[in-house]
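Engineer:
2 protein chains.
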Amino acid sequence: MKYRAATIKDIAQALRLSTSTVSRALRDSHEISAATKQLVLEHAARLNYHPNPIALSLKEKKSRSIGVIVSEIANSFFSQTINGIESVANEKGYTVIISQSHESFEKEVRTLQYLASRSIDGLLISVSSATKDLTHLKALHQFGFPIVFFDRIIEDIATHKVMVDNFQGAYNATMHLLQQGYRHIACITNSAHLSITRERVAGYMAALEKHGIQPQPALIKYCFHGGMLLPEVTDAVNQLIKLKHKPDAIFATSDKLTTGCMRALKKAKVAIPKEMALTGFSNSDLIELLHAPIPVVRQPAFEMGQVATELLLQLIESKRPVKEFETRVLHSELLIPSK
Amino acid sequence: MKYRAATIKDIAQALRLSTSTVSRALRDSHEISAATKQLVLEHAARLNYHPNPIALSLKEKKSRSIGVIVSEIANSFFSQTINGIESVANEKGYTVIISQSHESFEKEVRTLQYLASRSIDGLLISVSSATKDLTHLKALHQFGFPIVFFDRIIEDIATHKVMVDNFQGAYNATMHLLQQGYRHIACITNSAHLSITRERVAGYMAALEKHGIQPQPALIKYCFHGGMLLPEVTDAVNQLIKLKHKPDAIFATSDKLTTGCMRALKKAKVAIPKEMALTGFSNSDLIELLHAPIPVVRQPAFEMGQVATELLLQLIESKRPVKEFETRVLHSELLIPSK
DNA sequence: TTTATTTACGCAATCGTTCCCGGAAAAATC
DNA sequence: GATTTTTCCGGGAACGATTGCGTAAATAAA
Numbered sequence: 378m379k380y381r382a383a384t385i386k387d388i389a390q391a392l393r394l395s396t397s398t399v400s401r402a403l404r405d406s407h408e409i410s411a412a413t414k415q416l417v418l419e420h421a422a423r424l425n426y427h428p429n430p431i432a433l434s435l436k437e438k439k440s441r442s443i444g445v446i447v448s449e450i451a452n453s454f455f456s457q458t459i460n461g462i463e464s465v466a467n468e469k470g471y472t473v474i475i476s477q478s479h480e481s482f483e484k485e486v487r488t489l490q491y492l493a494s495r496s497i498d499g500l501l502i503s504v505s506s507a508t509k510d511l512t513h514l515k516a517l518h519q520f521g522f523p524i525v526f527f528d529r530i531i532e533d534i535a536t537h538k539v540m541v542d543n544f545q546g547a548y549n550a551t552m553h554l555l556q557q558g559y560r561h562i563a564c565i566t567n568s569a570h571l572s573i574t575r576e577r578v579a580g581y582m583a584a585l586e587k588h589g590i591q592p593q594p595a596l597i598k599y600c601f602h603g604g605m606l607l608p609e610v611t612d613a614v615n616q617l618i619k620l621k622h623k624p625d626a627i628f629a630t631s632d633k634l635t636t637g638c639m640r641a642l643k644k645a646k647v648a649i650p651k652e653m654a655l656t657g658f659s660n661s662d663l664i665e666l667l668h669a670p671i672p673v674v675r676q677p678a679f680e681m682g683q684v685a686t687e688l689l690l691q692l693i694e695s696k697r698p699v700k701e702f703e704t705r706v707l708h709s710e711l712l713i714p715s716k
Numbered sequence: 378m379k380y381r382a383a384t385i386k387d388i389a390q391a392l393r394l395s396t397s398t399v400s401r402a403l404r405d406s407h408e409i410s411a412a413t414k415q416l417v418l419e420h421a422a423r424l425n426y427h428p429n430p431i432a433l434s435l436k437e438k439k440s441r442s443i444g445v446i447v448s449e450i451a452n453s454f455f456s457q458t459i460n461g462i463e464s465v466a467n468e469k470g471y472t473v474i475i476s477q478s479h480e481s482f483e484k485e486v487r488t489l490q491y492l493a494s495r496s497i498d499g500l501l502i503s504v505s506s507a508t509k510d511l512t513h514l515k516a517l518h519q520f521g522f523p524i525v526f527f528d529r530i531i532e533d534i535a536t537h538k539v540m541v542d543n544f545q546g547a548y549n550a551t552m553h554l555l556q557q558g559y560r561h562i563a564c565i566t567n568s569a570h571l572s573i574t575r576e577r578v579a580g581y582m583a584a585l586e587k588h589g590i591q592p593q594p595a596l597i598k599y600c601f602h603g604g605m606l607l608p609e610v611t612d613a614v615n616q617l618i619k620l621k622h623k624p625d626a627i628f629a630t631s632d633k634l635t636t637g638c639m640r641a642l643k644k645a646k647v648a649i650p651k652e653m654a655l656t657g658f659s660n661s662d663l664i665e666l667l668h669a670p671i672p673v674v675r676q677p678a679f680e681m682g683q684v685a686t687e688l689l690l691q692l693i694e695s696k697r698p699v700k701e702f703e704t705r706v707l708h709s710e711l712l713i714p715s716k
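Protein chains in written order, with my numbering: chain A, 378 to 716; chain B, 378 to 716.
#1: Closest Cβ-Cβ distance between Ile431/A and chain B: below 8 angstroms?
#2: Compare the Cα-Cα distances from Leu585/B to each of Thr635/B, Leu554/B and Thr458/B and report the closest residue.
#3: In chain B, what lies closer than 9 angstroms to His513/A by C-beta?
#4: At a CB-CB cut-off below 7 angstroms, which residues of chain A make contact with Arg352/B?
#5: For a quick check, are the C-beta atoms of Phe522/A and Val539/A less than 8 angstroms apart?
#6: Measure the C-alpha to C-alpha separation of His622/B and Asn425/A and round it to an integer number of angstroms.
#7: When the cut-off is 8 angstroms and only beta carbons count, does Ile534/B lie next to chain A?
#8: Which word fits Phe454/A, buried or exposed, when buried means at least 16 other C-beta atoms lie within 10 angstroms of its C-beta?
#9: With H, G and I counted as helix, E and B as strand and the rest as coil, what does DSSP make of Ser494/A?
#10: Could you please give the first and the last residue of the uninterrupted beta strand (DSSP E) stretch that includes Arg705/A?
#11: Residues in the same chain with beta-carbon distance under 6 angstroms from Tyr581/A, minus the five sequence neighbours each way, listed in chain order, please.
#12: Return the chain-ordered list of same chain residues with a C-beta closer than 7 angstroms to the C-beta of Ala535/B, the five sequence neighbours on each side being excluded.
#13: Under 9 angstroms Cβ-Cβ, which residues of chain B neighbour Thr636/A?
#14: Which value, in whole angstroms, describes the spacing of the CA atoms of Phe544/B and Pro592/A?
#15: Among Ile530/B, Thr384/B and Pro430/B, which residue has its Cα nearest to the Cα of Ser572/B?
#16: Assign Glu559/A to one of three DSSP states: helix, strand, or coil.
#17: What residues in its chain sit with their C-beta under 7 angstroms from that of Ile431/B, if we drop five residues either side in the sequence?
#18: So is Pro672/A buried or exposed if we call it buried at 16+ other beta carbons inside 10 Å?
#19: Mind checking if His518/A is an interface residue toward chain B, Cβ cutoff 8 angstroms exclusive?
#20: Helix or strand or just coil, what does DSSP make of Gln477/B?
#21: Grab the span of the beta strand (DSSP E) containing Ile443/B for me, first residue to last.
#22: Can you give me, in chain order, the residues of the stretch 598-621 of chain A that have a beta carbon less than 9 angstroms from any beta carbon in chain B?
#23: Could you tell me which residues DSSP puts in a beta bridge with Phe658/B?
#24: Please confirm whether Asn460/A has its beta-carbon closer than 8 angstroms to some beta-carbon of chain B.
#25: Using the Cα positions of Asn549/B and Glu576/B, report the straight-line distance between them to the nearest angstrom.
#26: Please report how far the alpha carbon of Ser645/A lies from the alpha carbon of Ala626/A, in whole angstroms.
#27: Applying the criterion that 16 or more other CB atoms from any shown protein chain within 10 Å of the CB defines a buried residue, is Glu694/A buried or exposed?
#28: Counting only the same chain and skipping the five closest in sequence on each side, list residues whose C-beta sits under 8 angstroms from that of Gln729/B.
#29: What are the boundary residues of the alpha helix (DSSP H) that includes Met701/A?
#30: Kindly indicate which three-state DSSP category Gly499/B falls into: helix, strand or coil?
#31: If you count every other CB in all the chains shown that lies within 10 Å of the CB of Asp632/B, and 16 or more means buried, which is it?
#32: Quick one: list the residues of chain B neighbouring Tyr502/A, beta-carbon separation under 9 angstroms, in chain order.
#33: Determine, using beta carbons only, whether Met378/B comes closer than 8 angstroms to chain A.
#34: For Phe544/A, list the residues DSSP reports as bridge partners.
#35: Should the stretch 495-504 of chain A be called in touch with the stretch 430-449 of chain A, which here means at least 3 C-beta pairs below 8 angstroms?
#36: Kindly indicate which residue of Glu665/A, Cys638/A and Ser442/A has the alpha-carbon position closest to the one of Ser496/A.
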């Protein structure tokens, strides 16, 4: 017994009306008499009629769904962002289709093609750590397809963008280490072509220079896979602790890297913060429960998701092509563990 | 300049063929000559033609998308499960639409209605902690709508189910505590009407009885919101530590509850495991980095997602209504921290 | 009473695709 | 050379809903 949803035709036949009349009655058109409207409405309720969204999509040429691509949802920052995205999207009647790139360029391209083929109305994306080539995004963007970048943005593409004050967040975190007396501070960061990498490393360097310390390239380690592959982080950390002039602190520029460092240091039996201080960006809510509760830069992830979605829907629902784009910068917060 | 995807009509017009011919050529029908096929295929490639999934959905009466409802994705167990779900679904050409109930019954019902209105082909659900009334699920199920339960299953509804050996997992964890010498073990668990609650509490009790210990109702605390609301857990823990005969260990039956206990104990300044031992179900990968690395019961979340999806797709793609259902029980694992 | 206007509804096209039917031309058979 | 069979392709309906246009009947205005 296969379930068949009631259609407008069912109502029309039962009431000996045309489908047009039923359609108009349901949409409360002025050219339908009150009596007919009532009849239709009652019968629709009885049949538990709901307009078929697929038929509507076909006609309207929009699916009322938006795609989201993040590196992985098993990451506090992104899962919190997604919550923000859903809160806004669902309220406006949009479905959210979430996909993960797992920090792989190929996966990102494939996933993007897939989403495009599912005819989403717009895209929210935080590009993968491995994304250097932008043709897949530029091609879509040139067609006038609505895209909003968040977190890891692409400067090259003219559209709305949402991020935090990456420079300031990194600056504050590094400054905090300096104030604690650490002077030889290393930085473990994402792949070099990511916007967040550039900005956060710049903030880190600025803090050092403010203290008259010359940043050293040997102390900056780039992880191409953004900590997705643990060995990458472990190697970076191991190289640092084997240095003749070993750093006394590490600043990690993202969630996965921060916890990756903790793992690596634990494995190498380096005590935090005694032998090596640590700080970094993280939205994990387990930080306070950790063996070494470190100071972290927390991003307003939920809010970021909300803002990005609002901007995207604005783009989608705009009648005329939008020519003026905004870049929203939210504030990060340095969370210092209570003693 | 609005982007308009190439359609079969565009190809037909350009090649002076009918849409039927183009359609057949693309599907490699035997009644189209090789020459025409080649022509069509080439032109399709040039226009970057992709069949419109919405039009297909309308015709086929299936959307090739499945809905997933979990309590929240910012939960290691569920995000890992979702990864498993996506891996199978995407491979089979299905889109996954993820929704969160946030452990609220109302949200679950609303979300389910929403998914149904988006005409998903099937549903994967781990019911919310607050779900007692099952009419929303039963109604859908009676229409022959494909549903597969995972993790928190509903015994009443006859369909495929996937879960872990909850009894055994709880038994093992409790037994481990007993072997360590703890005798007065409390249990903090989800709302009483959840399948996982019943089974895990039963495992806990069985282990106690095996050691000749009579389970005490006062030591079993039910959290209706499954730890979604921290005060709920904090209250439970506080009540336990204020008992005249204070327990020496706690067994928490789920991820959120386990970390909730840690928070509560930390706040109450109760040392783990010195003053109070702790163990529980958890799939968090940060456990080993915690201040007190506790033994945890780990579920094969990814695999559970895969199996559940395979069963669901089997249900969806079956020609005849399926009458025989399976309940797959996967194995959990007790992870003991290295000293 | 005649004409103009409104009211209330139906017809048919449309969105992109598939598929049943029907049929002309080419090939095969007698 | 006439018939049958293939081969190859087009016409048109269908999926569910919306909407511009046409129009009969009812009402209002002249």
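Beta carbons are placed, not taken as given, at the ideal position from N, Cα and C, and that holds for glycine.
Keep in mind it's a predicted model, so treat the numbers as computed, not measured.
Structural biologist: If we stick to the structure as given:
#1: Cβ-Cβ to chain B under 8 angstroms: yes for Ile431/A.
#2: Here the closest residue by C-alpha is Leu554/B.
#3: Neighbours of His513/A across chain B, judged by C-beta separation under 9 angstroms, do not exist; the nearest C-beta is about 13 angstroms away.
#4: For residue 352/B there is no data in the structure shown, the boundaries of chain B being 378 and 716.
#5: No, Cβ-Cβ distance for Phe522/A and Val539/A is not below 8 angstroms.
#6: Rounded to the nearest angstrom, the two C-alpha atoms are 57 angstroms apart.
#7: Look at Ile534/B: its C-beta is not under 8 angstroms from any C-beta on chain A.
#8: By the 10 Å Cβ count, Phe454/A comes out buried.
#9: Ser494/A: helix per DSSP, three-state reduction.
#10: Boundaries of the beta strand (DSSP E) harbouring Arg705/A: Thr704 to Leu707, taken from the DSSP string.
#11: Ala547, Thr551, Cys564 and Phe628, listed in sequence order.
#12: Excluding sequence neighbours, Ala535/B sits near Phe702.
#13: For Thr636/A, the residues of chain B that pass the 9 angstroms Cβ criterion are Asp662, Leu663 and Leu666, in the order they occur in the chain.
#14: Straight-line measurement puts the Cα of Pro592/A at about 56 angstroms from the Cα of Phe544/B.
#15: Considering only Ile530/B, Thr384/B and Pro430/B, the residue with the shortest C-alpha distance to Ser572/B is Ile530/B.
#16: For the record, residue 559/A in the displayed sequence is Tyr; it is not Glu. In the structure shown, Tyr559/A sits in coil (DSSP, three-state: anything other than H, G, I, E or B).
#17: Hits under 7 angstroms: none found.
#18: When all chains shown are included, Pro672/A counts as buried.
#19: By this cut-off, His518/A is not an interface position.
#20: Judged by DSSP in its simplified three-state form, Gln477/B adopts strand.
#21: According to the DSSP assignment, Ile443/B belongs to the beta strand (DSSP E) that extends over Ser442 to Val447.
#22: Listed by position, the residues of the stretch 598-621 of chain A near chain B (Cβ gap below 9 angstroms) amount to none.
#23: Val674/B, per the DSSP bridge assignment.
#24: Closer than 8 angstroms to some Cβ of chain B, the Cβ of Asn460/A qualifies, so yes.
#25: Cα-Cα distance, rounded: 13 angstroms.
#26: In the sequence as presented, Ser is not what sits at residue 645/A; that position holds Ala. Take the alpha-carbon of Ala645/A and the one of Ala626/A: they are about 15 angstroms apart.
#27: In summary, Glu694/A is exposed, with fewer than 16 beta-carbon neighbours lying within 10 Å of its beta-carbon over all protein chains present.
#28: In the structure as shown, chain B starts at 378 and stops at 716, and residue 729/B therefore has no counterpart that could be examined.
#29: The sequence as given places Glu at residue 701/A; Met does not occur at that position. Looking at the DSSP string, Glu701/A is not in any alpha helix (DSSP H), and its letter there is neither H nor E.
#30: Gly499/B falls in the strand class under three-state DSSP.
#31: Asp632/B is buried by the Cβ-count criterion.
#32: Just to set this straight, residue 502/A is Ile in the shown sequence, not Tyr. By Cβ distance, chain B contributes nothing, its closest Cβ being about 17 angstroms from Ile502/A, past 9 angstroms.
#33: Since pLDDT at Met378/B reaches only 40, below the 50 mark, its modelled position is unreliable, and no value is offered.
#34: According to DSSP, Phe544/A bridges with nothing at all.
#35: At 8 angstroms Cβ cutoff, the stretches touch.
#36: Closest option to Ser496/A, Cα to Cα, is Ser442/A.
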